[in-house]
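Here is the structure we will look at.
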Amino acid sequence: MPNADLHCHSTASDGVLEPRMLALRAHHNGVQIWSLTDHDTLQGQLEAATAATELGIDYVSGVEISTLFAGRTIHIVGLGFDVTDIGLNRLLDDNRALRDERAKLMAQKLETQGFTGVLEGALRVAGSPTNLARPHFARYLVESGQADTVQGVFERWLGDGKSCFIATDWVSMGAAIAAIRAAGGTAVLAHPLAYGLKPWELDVLLTAFQQAGGEAIEVVSGARLSRSEIEQLASTAVEMQFTASRGSDFHQPEEGDGDLGLVPNLPRQLRPVWHKWLTKK
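Shown next as C-alpha coordinates:
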(Lines of atoms letter the chains of each structure in order from A and count residues from 1; the text may use other names and numbers.)
(Lines give C-alpha, C1' and ligand atoms only; values in the text may rest on other atoms or scores of the structure.)
Protein backbone atom coordinates (compact mmCIF):
# COMPACT_ATOMS: atom_id res chain seq x y z
CA MET A 1 0.00 0.00 0.00
CA PRO A 2 1.46 3.41 -0.93
CA ASN A 3 2.43 5.93 1.73
CA ALA A 4 -0.42 8.45 1.57
CA ASP A 5 -0.86 11.52 3.78
CA LEU A 6 -4.13 13.29 3.05
CA HIS A 7 -4.41 15.65 6.02
CA CYS A 8 -1.92 18.38 6.96
CA HIS A 9 -1.68 22.14 7.37
CA SER A 10 0.59 24.95 6.15
CA THR A 11 1.05 28.64 6.85
CA ALA A 12 -2.06 29.22 4.73
CA SER A 13 -3.99 28.23 7.86
CA ASP A 14 -2.61 27.14 11.24
CA GLY A 15 0.54 25.25 10.26
CA VAL A 16 4.05 26.67 10.60
CA LEU A 17 5.65 25.47 7.35
CA GLU A 18 5.00 26.90 3.90
CA PRO A 19 3.43 24.53 1.34
CA ARG A 20 6.70 23.94 -0.49
CA MET A 21 8.50 23.09 2.75
CA LEU A 22 5.73 20.63 3.58
CA ALA A 23 6.20 19.00 0.18
CA LEU A 24 9.93 18.64 0.84
CA ARG A 25 9.25 17.14 4.27
CA ALA A 26 6.69 14.75 2.81
CA HIS A 27 9.18 13.65 0.14
CA HIS A 28 11.90 13.15 2.75
CA ASN A 29 9.52 10.97 4.77
CA GLY A 30 8.63 8.80 1.80
CA VAL A 31 5.13 10.12 1.10
CA GLN A 32 3.90 9.05 -2.34
CA ILE A 33 0.37 10.51 -2.34
CA TRP A 34 -0.16 13.86 -0.62
CA SER A 35 -2.82 16.45 0.02
CA LEU A 36 -2.55 19.83 1.73
CA THR A 37 -5.80 20.36 3.64
CA ASP A 38 -5.68 23.84 5.15
CA HIS A 39 -8.64 25.15 7.13
CA ASP A 40 -11.25 26.85 4.93
CA THR A 41 -8.78 28.05 2.30
CA LEU A 42 -7.28 26.95 -1.01
CA GLN A 43 -4.52 29.55 -0.83
CA GLY A 44 -1.66 27.03 -0.69
CA GLN A 45 -2.94 24.61 -3.32
CA LEU A 46 -0.99 25.83 -6.34
CA GLU A 47 2.32 25.98 -4.47
CA ALA A 48 1.72 22.54 -2.94
CA ALA A 49 0.73 20.93 -6.24
CA THR A 50 3.66 22.46 -8.10
CA ALA A 51 6.18 21.35 -5.49
CA ALA A 52 4.71 17.85 -5.30
CA THR A 53 4.91 17.43 -9.07
CA GLU A 54 8.55 18.54 -9.08
CA LEU A 55 9.31 15.97 -6.38
CA GLY A 56 7.44 13.11 -8.05
CA ILE A 57 4.65 12.99 -5.46
CA ASP A 58 1.08 12.32 -6.61
CA TYR A 59 -0.87 15.38 -5.47
CA VAL A 60 -4.57 15.47 -4.55
CA SER A 61 -6.28 18.83 -3.98
CA GLY A 62 -7.52 19.23 -0.42
CA VAL A 63 -9.22 21.42 2.18
CA GLU A 64 -10.53 20.97 5.72
CA ILE A 65 -13.88 22.70 6.20
CA SER A 66 -15.29 23.66 9.60
CA THR A 67 -18.97 22.74 9.65
CA LEU A 68 -21.84 22.63 12.08
CA PHE A 69 -23.89 19.52 12.81
CA ALA A 70 -26.29 19.16 15.73
CA GLY A 71 -24.69 22.13 17.46
CA ARG A 72 -21.16 20.74 17.22
CA THR A 73 -18.20 21.76 15.08
CA ILE A 74 -17.38 18.89 12.74
CA HIS A 75 -14.46 18.95 10.29
CA ILE A 76 -15.00 17.71 6.76
CA VAL A 77 -12.00 17.14 4.50
CA GLY A 78 -12.56 17.59 0.79
CA LEU A 79 -10.25 15.74 -1.59
CA GLY A 80 -9.76 15.63 -5.34
CA PHE A 81 -11.94 18.59 -6.31
CA ASP A 82 -11.65 21.38 -8.86
CA VAL A 83 -9.92 24.21 -6.98
CA THR A 84 -11.51 26.79 -9.31
CA ASP A 85 -15.08 25.70 -8.56
CA ILE A 86 -17.14 28.83 -7.84
CA GLY A 87 -19.57 27.25 -5.39
CA LEU A 88 -16.88 25.71 -3.20
CA ASN A 89 -14.86 28.91 -3.17
CA ARG A 90 -17.91 30.93 -2.13
CA LEU A 91 -18.60 28.54 0.74
CA LEU A 92 -14.99 28.87 1.90
CA ASP A 93 -15.25 32.66 1.63
CA ASP A 94 -18.25 32.52 3.97
CA ASN A 95 -16.36 30.46 6.52
CA ARG A 96 -13.32 32.75 6.42
CA ALA A 97 -15.55 35.74 7.12
CA LEU A 98 -16.80 33.89 10.19
CA ARG A 99 -13.20 33.17 11.18
CA ASP A 100 -12.31 36.86 10.97
CA GLU A 101 -15.19 37.80 13.27
CA ARG A 102 -14.36 34.96 15.66
CA ALA A 103 -10.74 36.11 15.86
CA LYS A 104 -11.75 39.61 16.94
CA LEU A 105 -14.10 38.29 19.62
CA MET A 106 -11.50 35.80 20.83
CA ALA A 107 -8.91 38.55 21.15
CA GLN A 108 -11.32 40.66 23.18
CA LYS A 109 -12.02 37.79 25.56
CA LEU A 110 -8.33 37.05 26.03
CA GLU A 111 -7.69 40.74 26.77
CA THR A 112 -10.28 40.58 29.56
CA GLN A 113 -8.15 37.79 31.09
CA GLY A 114 -5.20 40.18 31.33
CA PHE A 115 -3.32 39.28 28.15
CA THR A 116 -1.99 42.13 26.01
CA GLY A 117 -1.43 42.76 22.31
CA VAL A 118 -3.42 39.66 21.47
CA LEU A 119 -4.89 40.36 18.03
CA GLU A 120 -1.79 42.10 16.72
CA GLY A 121 0.41 39.33 18.10
CA ALA A 122 -1.68 36.56 16.58
CA LEU A 123 -1.56 38.35 13.23
CA ARG A 124 2.25 38.49 13.42
CA VAL A 125 2.42 34.78 14.20
CA ALA A 126 0.08 33.95 11.33
CA GLY A 127 1.90 36.21 8.89
CA SER A 128 -1.43 36.94 7.22
CA PRO A 129 -4.43 39.13 8.03
CA THR A 130 -6.85 36.34 7.12
CA ASN A 131 -7.73 32.90 8.44
CA LEU A 132 -6.63 33.43 12.03
CA ALA A 133 -7.11 30.32 14.14
CA ARG A 134 -6.80 29.42 17.80
CA PRO A 135 -3.25 28.04 17.47
CA HIS A 136 -2.07 31.45 16.27
CA PHE A 137 -3.34 33.04 19.49
CA ALA A 138 -1.88 30.27 21.63
CA ARG A 139 1.52 30.48 19.94
CA TYR A 140 1.61 34.26 20.39
CA LEU A 141 0.85 33.99 24.11
CA VAL A 142 3.67 31.48 24.54
CA GLU A 143 6.17 33.35 22.35
CA SER A 144 5.44 36.62 24.19
CA GLY A 145 5.99 34.98 27.56
CA GLN A 146 2.39 35.39 28.70
CA ALA A 147 1.72 31.65 28.85
CA ASP A 148 3.86 28.54 29.27
CA THR A 149 2.63 26.10 26.62
CA VAL A 150 0.24 25.99 23.68
CA GLN A 151 -1.47 22.98 25.21
CA GLY A 152 -1.90 24.87 28.47
CA VAL A 153 -3.53 27.80 26.66
CA PHE A 154 -6.06 25.45 25.10
CA GLU A 155 -6.72 23.61 28.34
CA ARG A 156 -7.37 26.81 30.28
CA TRP A 157 -8.69 29.40 27.81
CA LEU A 158 -9.15 28.40 24.16
CA GLY A 159 -10.35 24.81 24.17
CA ASP A 160 -13.97 24.04 23.35
CA GLY A 161 -16.17 25.38 26.12
CA LYS A 162 -13.35 27.24 27.90
CA SER A 163 -13.60 30.87 29.00
CA CYS A 164 -12.28 32.42 25.76
CA PHE A 165 -13.77 29.92 23.32
CA ILE A 166 -16.07 31.45 20.71
CA ALA A 167 -18.86 29.23 19.39
CA THR A 168 -19.20 29.82 15.65
CA ASP A 169 -22.13 29.25 13.31
CA TRP A 170 -20.15 27.54 10.55
CA VAL A 171 -21.68 26.36 7.28
CA SER A 172 -23.73 23.21 7.73
CA MET A 173 -22.12 19.81 7.26
CA GLY A 174 -24.57 19.03 4.48
CA ALA A 175 -23.75 22.24 2.62
CA ALA A 176 -20.01 21.53 2.80
CA ILE A 177 -20.43 17.98 1.53
CA ALA A 178 -22.67 19.17 -1.30
CA ALA A 179 -20.12 21.82 -2.33
CA ILE A 180 -17.26 19.31 -2.33
CA ARG A 181 -19.24 16.85 -4.44
CA ALA A 182 -20.39 19.56 -6.86
CA ALA A 183 -16.73 20.45 -7.37
CA GLY A 184 -16.00 16.83 -8.30
CA GLY A 185 -14.44 15.90 -4.96
CA THR A 186 -14.83 13.35 -2.20
CA ALA A 187 -16.00 14.27 1.31
CA VAL A 188 -14.12 12.68 4.22
CA LEU A 189 -15.11 12.82 7.90
CA ALA A 190 -11.97 14.03 9.68
CA HIS A 191 -10.81 12.38 12.93
CA PRO A 192 -14.20 10.84 13.90
CA LEU A 193 -13.10 10.07 17.48
CA ALA A 194 -11.88 13.60 18.23
CA TYR A 195 -15.30 15.13 18.91
CA GLY A 196 -15.91 13.56 22.30
CA LEU A 197 -19.08 11.84 21.12
CA LYS A 198 -20.84 9.00 22.87
CA PRO A 199 -21.17 5.83 20.74
CA TRP A 200 -24.78 6.57 19.81
CA GLU A 201 -23.91 10.18 18.95
CA LEU A 202 -21.11 9.00 16.68
CA ASP A 203 -23.55 6.62 14.98
CA VAL A 204 -25.92 9.54 14.35
CA LEU A 205 -23.09 11.64 12.91
CA LEU A 206 -21.83 8.85 10.64
CA THR A 207 -25.32 8.11 9.35
CA ALA A 208 -26.03 11.78 8.63
CA PHE A 209 -22.63 12.18 6.99
CA GLN A 210 -23.28 9.23 4.70
CA GLN A 211 -26.82 10.30 3.87
CA ALA A 212 -25.52 13.74 2.89
CA GLY A 213 -23.09 12.17 0.42
CA GLY A 214 -19.99 11.61 2.54
CA GLU A 215 -17.93 8.74 1.17
CA ALA A 216 -14.91 8.23 3.43
CA ILE A 217 -13.73 8.47 7.02
CA GLU A 218 -10.27 9.03 8.46
CA VAL A 219 -9.31 5.72 9.99
CA VAL A 220 -5.79 6.94 10.76
CA SER A 221 -5.42 10.55 11.89
CA GLY A 222 -2.07 11.48 13.34
CA ALA A 223 -0.39 9.35 15.98
CA ARG A 224 -3.01 9.99 18.62
CA LEU A 225 -5.11 6.88 18.02
CA SER A 226 -4.46 3.55 19.70
CA ARG A 227 -4.45 0.32 17.72
CA SER A 228 -7.85 -0.59 19.17
CA GLU A 229 -9.28 2.78 18.10
CA ILE A 230 -7.95 2.29 14.57
CA GLU A 231 -9.53 -1.16 14.47
CA GLN A 232 -12.81 0.32 15.73
CA LEU A 233 -12.85 2.83 12.89
CA ALA A 234 -11.81 0.15 10.41
CA SER A 235 -14.77 -1.98 11.45
CA THR A 236 -17.06 1.02 11.04
CA ALA A 237 -15.68 1.69 7.56
CA VAL A 238 -16.31 -1.90 6.49
CA GLU A 239 -19.77 -2.06 8.06
CA MET A 240 -20.94 1.22 6.54
CA GLN A 241 -19.05 0.75 3.25
CA PHE A 242 -16.92 3.87 3.62
CA THR A 243 -13.57 4.14 1.92
CA ALA A 244 -10.73 4.91 4.33
CA SER A 245 -8.37 7.86 4.55
CA ARG A 246 -5.03 8.30 6.28
CA GLY A 247 -3.36 11.52 7.38
CA SER A 248 -0.95 12.93 9.92
CA ASP A 249 -2.89 16.15 10.66
CA PHE A 250 0.60 17.64 10.76
CA HIS A 251 0.90 21.29 11.84
CA GLN A 252 4.49 21.73 13.01
CA PRO A 253 7.66 19.75 13.74
CA GLU A 254 7.96 18.08 17.14
CA GLU A 255 4.25 18.51 17.76
CA GLY A 256 3.83 14.94 18.94
CA ASP A 257 0.71 14.07 16.95
CA GLY A 258 2.50 12.50 14.00
CA ASP A 259 4.84 13.62 11.24
CA LEU A 260 4.04 13.66 7.53
CA GLY A 261 3.72 10.07 6.31
CA LEU A 262 4.98 8.63 9.61
CA VAL A 263 1.70 7.39 11.07
CA PRO A 264 0.19 3.88 11.25
CA ASN A 265 -0.81 2.19 8.02
CA LEU A 266 -4.43 1.54 7.14
CA PRO A 267 -5.62 -1.95 8.04
CA ARG A 268 -5.34 -4.11 4.92
CA GLN A 269 -9.03 -5.00 4.72
CA LEU A 270 -9.97 -1.41 3.89
CA ARG A 271 -10.44 0.21 0.50
CA PRO A 272 -8.33 3.39 0.47
CA VAL A 273 -10.00 6.63 -0.58
CA TRP A 274 -7.07 7.33 -2.91
CA HIS A 275 -7.86 4.23 -5.01
CA LYS A 276 -10.14 6.31 -7.25
CA TRP A 277 -7.34 8.74 -8.16
CA LEU A 278 -4.72 6.06 -8.77
CA THR A 279 -7.03 4.12 -11.08
CA LYS A 280 -7.47 7.23 -13.23
CA LYS A 281 -3.76 7.31 -14.08
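Offset between the sequence shown (1-based) and the working numbering: plus 8.
Beta carbons are placed, not taken as given, at the ideal position from N, Cα and C, and that holds for glycine.
The region 101-121 and the region 211-225 do not touch, with fewer than three beta-carbon pairs separated by less than 8 Å. Each residue's CA atom was taken as its position, placing residue 72 and residue 46 some 6 Å apart. Look at residue 220 here: in three-state DSSP terms it is coil, with no helix or strand label.
Within the region 86-158, complete alpha helix (DSSP H) segments of at least 4 residues are found at 94-120, 126-134, 142-151, given in chain order. Ranked by Cα distance from residue 115, the first of 69, 164, 174, 285 is 174.
Taking the CA atoms as reference points, residue 119 sits about 13 Å from residue 155.
Contact annotation, residue 285 with residue 68: C-beta distance approximately 6 Å; criterion of less than 8 Å satisfied. Secondary structure of residue 267 (DSSP, three-state): strand. In this structure, DSSP gives residue 185 a helical state, which the three-state scheme calls helix. In the same chain as residue 10, and ignoring 5 residues on each side of it, the C-beta atoms closer than 6 Å to its own belong to 40, 41, in chain order. Secondary structure of residue 262 (DSSP, three-state): coil. Annotation for residue 270: 37 place their beta carbon closer than 6 Å to its own, counting only its chain and skipping 5 residues before and after.
DSSP, read as helix, strand or coil, puts residue 162 in helix. Bridge partners of residue 180 according to DSSP: 76. In the same chain as residue 199, and ignoring 5 residues on each side of it, the C-beta atoms closer than 6 Å to its own belong to 226, 229, in chain order.
The region 222-260 is shown to contain whole alpha helix (DSSP H) runs of 4 or more residues at 235-248, in chain order. Counting along the chain, residue 198 sits inside no alpha helix (DSSP H), nor does DSSP assign it H or E at all. Annotation for residue 187: 95, 96, 99 place their beta carbon closer than 7 Å to its own, counting only its chain and skipping 5 residues before and after. For residue 279, the closest alpha carbon among the candidates 247, 260, 93, 258 is that of 247. Taking 8 Å as the cut-off, the Cβ atoms of residue 65 and residue 75 do not count as close.
The criterion of a C-beta distance shorter than 8 Å is satisfied by residue 134 and residue 140. Residue environment for residue 49: buried (at least 16 other C-beta atoms within 10 angstroms of its C-beta). Close CB contacts of residue 149 within its chain, under the 7 Å cut and outside five residues either way in sequence, are with 123, 155, 161 (chain order). In this model, residue 193 and residue 92 are separated by some 12 Å (Cα to Cα).
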